[in-house]
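Following my numbering, the numbering of the sequence shown begins with 1 at its first residue and continues without gaps.
Every residue gets a Cβ at the ideal spot worked out from N, C-alpha and C, and that includes glycine.
Taking it in order: structure first as structure tokens, then the write-up.
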Amino acid sequence: MNDHIIKVENLVKRFGKLVAVDNISFSVAAGEIFGLLGPNGAGKTTTINILCTLTRPTSGQATIAGLDVVRQQSQVRRLIGLVFQDPSLDERLSGLQNLRFHGLVYGVPAAVREPRMEQLLRMVELWDKRHHKVQTYSGGMKRRLELARGLLHHPKVLFLDEPTLGLDPQTRNRIWEYILELREREGTTIFLTTHYMDEAEKADRIAIIDYGKLIAMDTPEKLKKMVGRDIISVKTDDNDKASTEIKLRYQIEARYDGDGLSFEVANGEEFLPTFLKEFGTRILRVSLRRPSLDDVFLKLTGREIREEEVSDTFRAMIRQHGRRMRR
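Written out as structure tokens, the structure is:
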């Protein structure tokens, strides 16, 4: 995965006085699952819209497989698949008809298109519902159909903008099974935006974006190592005595935390067996917590990532500019 299929250099997008994307640069390797993580309104969707040729950048450059997303839009669009936040299926058509229409638009020959439709509909477990109108599908079924549609023309890069937003946990897990299977079987590069930490954990690398700025980029594990060490939380039959003993035995300062103690160790999985053996029945409760991507975001920004309210004006601008070039 050394060849970079996506390259972004000094990308800027302004909507009037609002800087939605603020001079960001990054690259994505072929076959990589790359996640753009940030709260709502951080600039994720604007970035993906630029890469998908749906929004023109104010300045900077972005290329897909060496093709410029502004100057070579038609060629870029042939190489990419899209799954948007908002449903974009024709609900009056059946699932099969939606895929067939997409294949016709992309010029996929019938000899390739028809078996590909069956393959994808079976993959997303919709083959038995292929003749049903999309308006009868559940939200999860529609998202699965959109995933199949985005893959029909064998794209080199699949863009997923909040692919599981609003779905129940079981459906979210199934969507991710399809994504991982796709990468394994076809080597497709996956570029996704999300504010779900558990989804970001599945990416090979993550770029964290906030207020349009790229503030960190690395593998999930390396990002979490920025934060600190594993945290042991314990309640004993005598917390004062345990605190003193922890300091003497391990040269670790334990701090009072609610009705128990907490302290940091380099490797919780290695430390816990020894700790449990030495303290034995004196331990009433113990838990291990590793740094999370929530902790990373908190450390980098000073606040927790969450679904923040975005102004109606901002949403309107994003919709207007994001759809203007869809054709």
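**Asked** What did DSSP end up calling G35 once you bin it into helix, strand or coil?
**Response** strand
**Request:** Tell whether a beta-carbon distance below 8 Å holds between L89 and M117.
**Result:** no
**Asked** Would the region 135 to 144 and the region 105 to 115 be scored as touching if the rule is three or more Cβ pairs under 8 Å?
**Response** no
**Message:** Give me the residue from R122, K17, R130 with the minimum Cα distance to Q97.
**Reply:** R130
**Message:** Within a Cβ cutoff of 8 Å, which residues of the same chain sit near R255, ignoring the five residues on either side of it in sequence?
**Reply:** L261, S262, F263
**Contact between the region 46 to 63 and the region 219 to 226 (3+ Cβ pairs under 8 Å)** = no
**Request:** Leaving aside the five residues before and after V83 along the sequence, list all residues of the same chain whose C-beta is less than 6 Å from its C-beta, in chain order.
**Result:** E146, L147, G150, L160, P163
**Inter-residue Cα distance where the pair is E245 and A30** = 52 Å
**Request:** State whether the region 166 to 186 contacts the region 15 to 29, with contact taken as three or more CB pairs (one from each stretch) at a distance under 8 Å.
**Result:** no
**Request:** Could you tell me whether the region 233 to 252 touches the region 293 to 308, where touching means 3 or more Cβ pairs closer than 8 Å?
**Result:** no
**Closest residue to R282 among V265, P273, E253, A242 (Cα-Cα distance)** = A242
**Prompt:** So, are the CB atoms of K7 and I209 less than 8 Å apart?
**Reply:** no
**Message:** Bridge partners for K44 per DSSP, in chain order?
**Reply:** The partner list for K44 (beta bridge, DSSP) is empty, contrary to what the question assumes.
**Asked** If L93 sits next to K133, beta carbons under 8 Å apart, how far is it from one beta carbon to the other, in whole angstroms?
**Response** 7 Å
**Item:** Cβ neighbour criterion (16 or more within 10 Å) applied to R122
**Value:** exposed
**Asked** Any idea what DSSP makes of S331, helix, strand or coil?
**Response** Residue numbering for the chain in the displayed model covers 1 to 327; residue 331 lies beyond these limits and cannot be assessed.
**Message:** Would S59 and V124 be called neighbours here (beta carbons separated by less than 8 Å)?
**Reply:** no
**Asked** Roughly how many angstroms separate the alpha carbons of R229 and L298, rounded to a whole number?
**Response** 15 Å
**Prompt:** Would you report the Cα separation of T46 and R14, rounded to the nearest angstrom?
**Reply:** 10 Å
**Request:** Work out the CA separation of L67 and V80 for me, nearest whole Å.
**Result:** Sequence inspection shows Ile at residue 80; the Val mentioned does not correspond to that position. Their backbone Cα atoms lie some 12 Å apart in a straight line.
**Prompt:** Which residue comes first and which comes last in the alpha helix (DSSP H) that contains T274?
**Reply:** 268 to 279
**Asked** Just reading off the alpha helix (DSSP H) that H102 is part of, what are its end residues?
**Response** 95 to 105
**Request:** Select from R285, Y211, E270 the residue whose C-alpha is nearest the C-alpha of L300.
**Result:** Y211
**Item:** Selected residue, minimal CA-CA separation from A203, among K213, P39, D218
**Value:** D218
**Asked** Can you tell me the Cα-Cα spacing of I318 and K235, whole angstroms?
**Response** At I318, the pLDDT of 42 sits below 50, so the modelled position is not reliable and the matter cannot be decided from this model.
**Ranges of the alpha helix (DSSP H) found wholly within the region 130 to 168, counting only runs of at least 4** = 139 to 151
**Prompt:** What residue range is occupied by the uninterrupted alpha helix (DSSP H) comprising A111?
**Reply:** 110 to 123
**Request:** Assign R303 to buried or exposed, taking buried as 16 or more other Cβ atoms, counted over all protein chains shown, within 10 Å of its Cβ.
**Result:** exposed
**Asked** For L272, which residues of its own chain have a beta-carbon under 8 Å away from its beta-carbon, when the five flanking residues on both sides are left out?
**Response** I232, V286, L288
**Asked** Which class does D86 belong to by DSSP, given the choice of helix, strand or coil?
**Response** coil
**Item:** Proximity winner among Y196, Q170, F26, R185, relative to Q119 (alpha-carbon distances)
**Value:** R185
**Rounded straight-line distance, which links the Cα of H195 to that of L152** = 27 Å
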